[in-house]
Amino acid sequence: MASIKYYEKRMLAVCDYIYKHLDEDLTVEALCDVACFSKYHFHRQFTHFMGVGVFKFVQILRLKRASYELVFTKEKRIIDIAMSAKFDHPESFSRAFKKAYSQSPSDFRRHPDLEKLGLHFHKLDRQLESDMTVDVVHFDTTKIALLKHRGAPSRIMESVAIFRKWRKASGLLPISRSRTFNIVYEDPAVVAPEDFRCDIAAEVMIDVDDNEYGVINSTLEGGRYAVVRHFGPYDSISRCLYFLYGEWLPDSGEEPRDAPCFFQYHNHFPEVAEHELITDVYLPLK
1 MASIKYYEKR MLAVCDYIYK HLDEDLTVEA LCDVACFSKY HFHRQFTHFM
51 GVGVFKFVQI LRLKRASYEL VFTKEKRIID IAMSAKFDHP ESFSRAFKKA
101 YSQSPSDFRR HPDLEKLGLH FHKLDRQLES DMTVDVVHFD TTKIALLKHR
151 GAPSRIMESV AIFRKWRKAS GLLPISRSRT FNIVYEDPAV VAPEDFRCDI
201 AAEVMIDVDD NEYGVINSTL EGGRYAVVRH FGPYDSISRC LYFLYGEWLP
251 DSGEEPRDAP CFFQYHNHFP EVAEHELITD VYLPLK
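Take 1 as the starting number for the sequence shown in full-length UniProt numbering and just add one per residue.
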């Protein structure tokens, strides 16, 4: 008898296929082949696990990418963003985008509701615990430029946008020019939104001058860390932390150090597709 995990893996395979072929014309037949389901059952199974129908899911992912391109890729024309989202006409793209984001694409580009960029669109995590490999490493103390985010996690993209403006002004874009980090102090699932704390940071070689963005000098503490690599959308990074704390740490013989966890981002959306995102999750150890 097939288990829930068995069906989850089938749906994960479909999601991976969609992420990797988001720019192509996706057909029911191709997705059914990936899922190993007949088309009579595939739609119901997908909707059960993901919370939305498969083609709604595809459209959501394309619109999500479009929202990031509107904000962070100013040189790309709206009509080209519409075409890459697989809309035949700019008008149909505008209607679908406004329905999802309550703003037209042009309004969103000029005055983006950045809280919308943090929305989580699907229920099923792409990375299962069995896929995770933990390494214990030494991380060198690192000089960083840091912007503090205080408040609702859903508003973190507002802070990210400010930090990106500082990075651009400082010559630290693209991301490959300087290591990028997020330092997290609380689990957003268990603290009140107003109490959530997170720091956005980038490695620097020299002191940061006083600036209008609120970016300050700081240090990322060195020492021993357990690290696991996460592949794919940011939405499911927290699952790596739950795995480290709940599964790996109790059986490892290690003890956590009194310091915050942090993420290191090796690339950035929408510069790369979501399925190509690579993030290392660090848990400090004694």
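All residues carry an ideal CB built from backbone N, CA and C; glycine is no exception.
Residue i vs residue j beta-carbon contact at 8 Å
| i | j | result |
| --- | --- | --- |
| GLU203 | SER178 | yes |
| VAL281 | LEU244 | yes |
| PHE93 | PRO112 | no |
| ASN182 | PHE269 | no |
| LEU114 | ALA161 | yes |
| ASN217 | ALA169 | no |
| THR219 | THR133 | no |
| SER67 | PHE108 | yes |
| TYR185 | PRO260 | yes |
Straight-line Cα distance separating residue j from residue i
| i | j | result |
| --- | --- | --- |
| VAL28 | VAL137 | 44 Å |
| ALA117 | TYR101 | Just to set this straight, residue 117 is Leu in the shown sequence, not Ala. Answer to the nearest angstrom: the Cα atoms are 9 Å apart. |
| CYS32 | HIS41 | 9 Å |
| PHE97 | PHE231 | 27 Å |
| ASP80 | LYS143 | 39 Å |
| ILE78 | LEU70 | 7 Å |
| THR180 | ILE278 | 12 Å |
| ILE18 | LYS56 | 12 Å |
| ARG164 | HIS266 | 15 Å |
| LYS86 | LEU61 | 11 Å |
| GLU75 | SER159 | 22 Å |
| GLU24 | GLU91 | 21 Å |
| VAL54 | GLU221 | 44 Å |
| PHE139 | HIS275 | 26 Å |
| VAL272 | GLY246 | 31 Å |
| ARG65 | TYR234 | 13 Å |
| VAL191 | LEU173 | 32 Å |
Those residues which DSSP pairs with residue i across a bridge
| i | result |
| --- | --- |
| GLU203 | ILE144 |
| PHE263 | ASN182 and VAL281 |
| ARG150 | ARG197 |
| HIS138 | ARG224 |
| GLU256 | Note that residue 256 is Pro in the sequence shown, not Glu. BP columns for PRO256 point to LEU285. |
What residue ranges within the segment 9-76 form continuous alpha helix (DSSP H) runs of no fewer than 4 residues, ordered along the chain?
28-35, 39-50 and 54-72, all fully within the segment 9-76.
Determine, using beta-carbon pairs with one atom in the segment 42-57 and one in the segment 10-19, whether at least three such pairs fall under 8 Å.
Between the segment 42-57 and the segment 10-19, the count of C-beta pairs closer than 8 Å reaches three or more; the two stretches touch.
Using 8 Å as the Cβ pair cut-off and three pairs as the minimum, do the segment 196-214 and the segment 139-154 touch?
The segment 196-214 is in contact with the segment 139-154.
If we require 3 or more residues per run, which beta strand (DSSP E) segments fall completely within the segment 211-247?
If we require 3 residues or more, the beta strand (DSSP E) runs fully inside the segment 211-247 come out as 216-220 and 223-231.
Looking at C-beta atoms only, is the number of pairs between the segment 253-262 and the segment 218-233 that lie closer than 8 Å three or more?
The segment 253-262 is in contact with the segment 218-233.
Continuous alpha helix (DSSP H) assignments of at least 4 residues falling wholly in the segment 153-180:
Taking only runs of at least 4 residues, the alpha helix (DSSP H) segments lying wholly in the segment 153-180 are 156-170.
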